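Heads up, the thing below is written out as structure tokens.
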Amino acid sequence: MFKEPFKMRVGIIGLGPKGLYGLERLLANLARDNQQIPVEIHLFNKSTSFGAGYIYNCQQPSYLMMNYANGYINMWPDQEPCPIVPQPKSFVDWLKEHQAEFPKASPYTFSSRATVGRYLSEGFAELLNSCPAHITIVKHVGEVKDIRQEEDDYHISYQDSNSKTTVDDIHHILIATGHPCVNDPESQTQTNHVDFIYPVSRQLSNIPAGSSVAIKGMGLTFIDAVLALTEGRNGRFEEDINGIVTYIKSGQEPAMIYPFSQSGLPMIPRGNTYGKPAYTPYYFTKESLEFVENLEGKYHFERQLLPLIEQEFKAVYYAKLFSAKGHELSLARDFTEVEYQIDGFLEKYPETKRFDFQEFLRAPLSNIDLHKTTLDYIQRSILEAEIGVESSAFAATAELWRHLSEFFNEVYKFGGLMPQSQKTFLEEYAGHLNRISYGPPIENMKKIEAIAQAGLIDFSFAQNPNISKSAGYSLSNSKQEVIQADYMIDARIPKIQLQRCPGEFYGNLLERELILPYVNRQEGRLDYRPGCISINEKGHPQDDTGFANTAITFTGTPTEGLTYDNDTLSRKRNDFVSDWAKDITENLLSLNTESQLNPTLY
């Protein structure tokens, strides 16, 4: 199994933030090992951007912004064992050291992704510099294509710029590949179709000035694409004393940008929420679910969870309205008592519109003039975000899902919803909840509004248009209006879909039966396949019998579907790497003891 001298070899595939967190925990655990057993750690990354990956690459433009306040970002965990670096710095501490470069940065502001990438990359460099002598770290730049198993060892093959190379005799593997597939494999070879926009300077450079561009998806990636085609082409913004932002064209932009999505709704921007008092859920809680009967440990989202979530939304919304009028909403476990107070309030203030959760979530826009009503919605959401969560009922309600999602993830993960109920949640609710709570900073949404006011964005086809392709792309809306777009940009972040488009790497893992697609099953009900890998609660892939392969561990995006909300820099949300690092270290000590007792076996 192991060759003399006794040495364990570990592979980490993907060195974006999730892979970086795994490396950090592994080094912290191994450094605590007094026996100083030799270990080789092989790091595989598509680019030289170790620690940051594509999304946080240090070389990308500064206008690509985070939607996560600086104060929340910290690559170093507050847990044992302590990090191996002498002085681990939070992102805010790091920004203070670079105050000359970032004079306006504070815990409450938002930074560019490139700046966060510098922080992560420097943290990676610190780990290498602080690495104990008995640990060897080897970097491999290239895309991993395959893993082969021979007895208890694994061989990792990757493609670099010149050739395919294989690293042999790996004993433990952490897979943190991020977004592993494309949205539309059939369109990848088309020169007027962009499936993935990052890095924007390369991916969008072939779109000429004066062309018409359709953008599929209206989330954060849509905003990045628009800014790359405008500000990234020497357009500029001016802001007056009243905070009104105007876009000044450079002449290098597309003639028109046509965004669209299934809902046609833009994201709600986020003001600063860092340092605000933490919201404690009252209705959607573990205690409330003790009175909700589940079936074999699974819940029905719409019948059992959604009513509690709706009560939470109503309570927050009306608490702010009551406060604005000098009243106080008294919460009660029996929500009919709260409804009674709300009815009285609405009678007293008849101009107040009754809150409707579904309407808030889906915000129906008029088809008579979809462009104008979409712009009106953007302007209102900016205004409410600027008022802030402490005073605005709209802003406080919009950010509520961030506070509820942590407990929801505990209920949801590893098949916590009934099969078809999970499908309903993912297809009909997850996107809307992300839209209202995880939007861009106000600054970026103001830019989108300004670009639209400058006549470069047309929202008239935003709501689920019909699309046909000839030389370009034809979009038609409900009013039977038709436009032609020269280019199509897919601005949706791809999710892992093993059945539809596994890609070469995951396709090979499937073929070798190192992984299987997860199936949410329940007796007497239709199965549901969310597209992710079947893993156990430690991230190990498992077969149909439930047997887990402890030599391989997944973290981050590949676990989405069995977990919820992995697109975050949080170290605590769905943390698979802490146990992974601890288990490897314990396994190493055990094997070393065995090798000393039975040297002929190794």
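Quick note, the sequence shown lines up with residues 1375 to 1976 if you use the working numbering.
Glycine included, C-beta positions come from ideal geometry on N, C-alpha and C.
None of the values given here were measured: they were computed from a predicted structure.
| Query | Result |
| --- | --- |
| In three-state terms, what does DSSP make of A1474? | coil |
| By DSSP, does L1965 sit in helix, in strand, or in coil? | helix |
| So the candidates are L1404, L1417, P1412 and L1400; which of them puts its Cα closest to the Cα of L1389? | L1417 |
| Is it buried or exposed, E1802, if we count other Cβ atoms within 10 angstroms and call 16 or more buried? | exposed |
| So, is I1642 buried or exposed, given that buried needs 16 or more other C-beta atoms within 10 angstroms? | buried |
| Around the Cβ of L1975, are there at least 16 other Cβ atoms within 10 angstroms (buried) or fewer (exposed)? | The predicted model places L1975 with a pLDDT of 48, which falls under 50 and marks its position as unreliable; any figure quoted below should be read in that light. Counting Cβ neighbours within 10 Å, L1975 comes out exposed, since fewer than 16 surround it. |
| Specify, as a first and last residue, the run of the beta strand (DSSP E) that T1620 falls within. | V1619 to I1622 |
| Compute the Euclidean distance between the alpha carbons of G1445 and A1479, then round it to the nearest angstrom. | 10 Å |
| Thinking C-alpha only, which one of S1624, V1763 and L1669 is nearest G1790? | L1669 |
| Give the C-beta separation of I1822 and I1752 to the nearest angstrom, bearing in mind that I take them to be a contact with Cβ-Cβ under 8 Å. | 7 Å |
| By Cβ distance, which residues of its chain are closer than 6 Å to L1963, with the 5 residues on each side in sequence left out? | none |
| Can you list, in chain order, the residues of its chain with a C-beta nearer than 6 Å to that of P1506? Leave out the 5 residues immediately preceding and following it. | A1405 |
| Does the beta-carbon of E1758, which I'm using as the reference point, lie nearer than 6 Å to any heavy atom of the ligand GTP? | Because no ligand of any kind appears in the structure shown, any question about the ligand GTP cannot be addressed here. |
| Flag this pair as touching only if the segment 1900 to 1914 and the segment 1768 to 1782 have three or more C-beta atom pairs under 8 Å; answer yes or no. | no |
| Sort out for me which residues DSSP pairs R1383 with in a bridge. | E1414 |
| Using DSSP bridges, identify the partner residues of T1927. | L1548 |
| Checking the sheet assignment: what are the DSSP bridge partners for L2023? | The requested residue 2023 does not occur in the structure, where the chain is confined to residues 1375 to 1976. |
| Cβ of M1592 within 7 Å of Cβ of H1674? | no |
| How long is the line joining the alpha carbons of Y1653 and F1768, rounded to whole angstroms? | 15 Å |
| Please confirm whether W1450 and P1457 have their CB atoms less than 7 Å apart. | yes |
| Taking Cβ to Cβ, would you say A1859 is nearer than 7 Å to S1637? | no |
| Can you tell me whether G1491 is buried or exposed? The criterion is at least 16 other CB atoms within 10 Å of its CB, across all chains shown. | buried |
| State yes or no: is the C-beta of D1598 within less than 7 Å of the C-beta of R1383? | no |
| Short of 7 Å in beta carbon distance, which residues of its chain neighbour T1959, apart from the five on each side in sequence? Order them along the chain. | N1403, L1404 and D1407 |
| Going by C-alpha distance, which of P1932, K1672 and Y1493 is nearest R1895? | K1672 |
| Give the straight-line distance between the Cα atoms of E1686 and T1422, rounded to the nearest whole angstrom. | 45 Å |
| If we count the other Cβ atoms within 10 Å of its Cβ and call it buried at 16 or more, is E1698 buried or exposed? | For the sequence presented, residue 1698 should be read as Ala rather than Glu. With fewer than 16 other Cβ atoms within 10 Å, it is exposed. |
| Could you name each continuous alpha helix (DSSP H) segment of 4 residues or more that falls completely within the segment 1718 to 1773, going from the start of the chain to the end? | 1731 to 1736, 1744 to 1761 and 1767 to 1772 |
| Buried or exposed, going by whether 16 or more other CB atoms sit within 10 Å of the CB of I1547? | buried |
| Would you mind sorting Q1732 into buried or exposed? The rule is 16 or more other CB atoms within 10 Å of its CB. | exposed |
| Are the Cβ atoms of V1690 and L1774 separated by less than 7 Å? | yes |
| Taking L1965 as the reference, which of V1518, P1412, T1565 and A1770 has the closest Cα? | P1412 |
| Starting from the Cα of Q1533, find the closest Cα among L1884, T1747 and K1519 and give me that residue. | K1519 |
| Should P1839 go down as buried or exposed, given a rule of 16 or more other Cβ atoms within 10 Å for buried? | buried |
| In the DSSP output, which residue or residues are listed as bridge partners for H1567? | M1862 |
| Given P1815, which residues of its chain have a CB within under 7 Å of its CB, disregarding the five upstream and five downstream residues? | M1439, N1441, F1484, P1643 and R1644 |
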